[in-house]
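For reference, the structure is listed below as structure tokens.
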Amino acid sequence: MGGPVLSISLEAGNWSIGYLTAWFFACYIYHGLGITLGYHRLLTHKALKVPRWVMYVIVSGGYLCLMGSPIVWVAVHRLHHQKSDLPGDPHSPRDGFMHALVGWMFSMDKVQSAEELRRFAGDLIRDPVLLALGAEHKAWQAQLCLGINILFRLLLLACFGLGVVVVDILATFIVFWSTQLVNTVCHLQSAGYRLFQTRDNSKNVWWVALLALGEGWHNNHHAVPRSARHGMAWWEFDVTWLAIRLLQAVRLGSAVVLPPSRQWQMGAAPVALSEPVRSAAPRSLQQEEPDARAAVSVFAGEAVSSTAL
């Protein structure tokens, strides 16, 4: 009788491993796309349009990965593009690797004033849901995010058990730090390679791209910030771009922004960026003072075209 019992036990064990593995990848994609697609390409750079409810669902994955207020995240990232690897860049490794990795999070109130934050993310402040999650560099919004994250894990525990909570925390840990590696490794002189000549030190780093669902093709992104596609050469696998294509296929994604076809053929490696910069700041910001327009227009990037694929 020991044989059948052992067999059943092993089958149950294999099922449990497969079940938790599936949960791990589901959590990884949910949290990862929440940051890379939601916070970054959708909210910050306006690389595509989706229905509002879809935006909330996607962005929730980033918030539940301890990314904090979407409005603050966007304002910090737009500041990064404006001053990338220059004085005032909130997280350049030129100020130290540990600063770029984690230290910058504790000093943003000294780098970006409340007024400047509102100018950089003025297009998002009008959203009451996003605004409720915070719009300033204050400790309470981080505490709110932490509290909601704890409640989310307690809900997972009640509904699916401890194993799912453990794999979700593991996925969250990896995704959280993968985005910080983009800030650090992808701006190191010694890392990766460049397909574009940009004024900063941005690099394409393949292993960061794998961990961060395509965000590691960072030189491409800094060359054309508003492009929905970061992996440009045929070998540059971009999971977030595949997710955007899926949204298009099910009619939930539109106005997807890509570089001009004459500059960038699909799957061909670009060499240099030669076309002029064109602002794509929201119309509502066109009435702002000149410095506000300049601050926000950095998410627009260089010479892009909006196209339905």
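Basically this note's numbering = 1-based index in the sequence shown + 287.
Note that the Cβ used here is the ideal one computed from N, Cα and C, for glycine as well.
No experiment lies behind these values; they were computed from the predicted model shown.
Please name the residue in the options whose C-alpha comes closest to that of residue i.
i: residue 372; options: 470, 353, 524 and 517; result: 470
i: residue 513; options: 524, 418 and 528; result: 528
i: residue 423; options: 447, 394, 436 and 438; result: 394
i: residue 313; options: 522, 459, 484 and 488; result: 459
i: residue 531; options: 406, 381, 303 and 342; result: 342
i: residue 346; options: 417, 538 and 540; result: 417
i: residue 406; options: 461, 435, 490 and 359; result: 359
i: residue 332; options: 363, 538 and 465; result: 363
i: residue 361; options: 326, 352 and 376; result: 326
i: residue 337; options: 545, 385, 439 and 534; result: 534
i: residue 339; options: 515, 354 and 539; result: 539
i: residue 328; options: 523, 500, 536 and 524; result: 500
i: residue 468; options: 446, 409, 437 and 494; result: 494
i: residue 475; options: 310, 385, 344 and 357; result: 385
i: residue 434; options: 486, 353 and 404; result: 353
i: residue 399; options: 520, 317, 389 and 374; result: 374
i: residue 436; options: 303, 318 and 520; result: 318
i: residue 487; options: 389, 376, 306 and 304; result: 376
i: residue 485; options: 525, 370 and 387; result: 370
i: residue 546; options: 525, 524 and 519; result: 519
Taking 9 Å as the cut-off, decide whether the C-beta atoms of residue i and residue j are in contact.
i: residue 428; j: residue 420; result: yes
i: residue 367; j: residue 378; result: yes
i: residue 496; j: residue 517; result: yes
i: residue 544; j: residue 515; result: yes
i: residue 439; j: residue 351; result: yes
i: residue 492; j: residue 472; result: yes
i: residue 382; j: residue 425; result: no
i: residue 315; j: residue 462; result: yes
i: residue 432; j: residue 489; result: no
i: residue 401; j: residue 365; result: no
i: residue 310; j: residue 447; result: yes
So what does DSSP say about residue i, is it helix, strand or coil?
i: residue 491; result: strand
i: residue 544; result: strand
i: residue 549; result: Reliability fails at residue 549, whose pLDDT of 40 lies under 50, so the model's placement of it is uncertain and no value is given.
i: residue 520; result: strand
i: residue 333; result: coil
i: residue 305; result: helix
i: residue 563; result: Any answer about residue 563 is weak, because its pLDDT of 30 lies below 50 and its placement is not dependable; what the coordinates show is given next. It is coil, neither helix nor strand.
i: residue 581; result: A caution first: residue 581 carries a pLDDT of 38, below 50, which makes its placement in the model too unreliable to give a value.
i: residue 477; result: coil
Which whole-angstrom value describes the C-beta separation of residue i and residue j, a residue pair presumed to lie in contact below a C-beta threshold of 8 Å?
i: residue 502; j: residue 323; result: 5 Å
i: residue 348; j: residue 320; result: 6 Å
i: residue 465; j: residue 498; result: 4 Å
Checking contacts by CB at 9 Å: is residue i closer than that to chain D?
i: residue 526; result: Given the protein chain composition of this structure (a single chain), no chain D is represented.
Segment contact flag, the region 406 to 419 with the region 494 to 510, C-beta cutoff 8 Å, min 3 pairs: no
Pair every Cβ in the region 448 to 457 with every Cβ in the region 477 to 494, then say whether three or more of these pairs are closer than 8 Å. no
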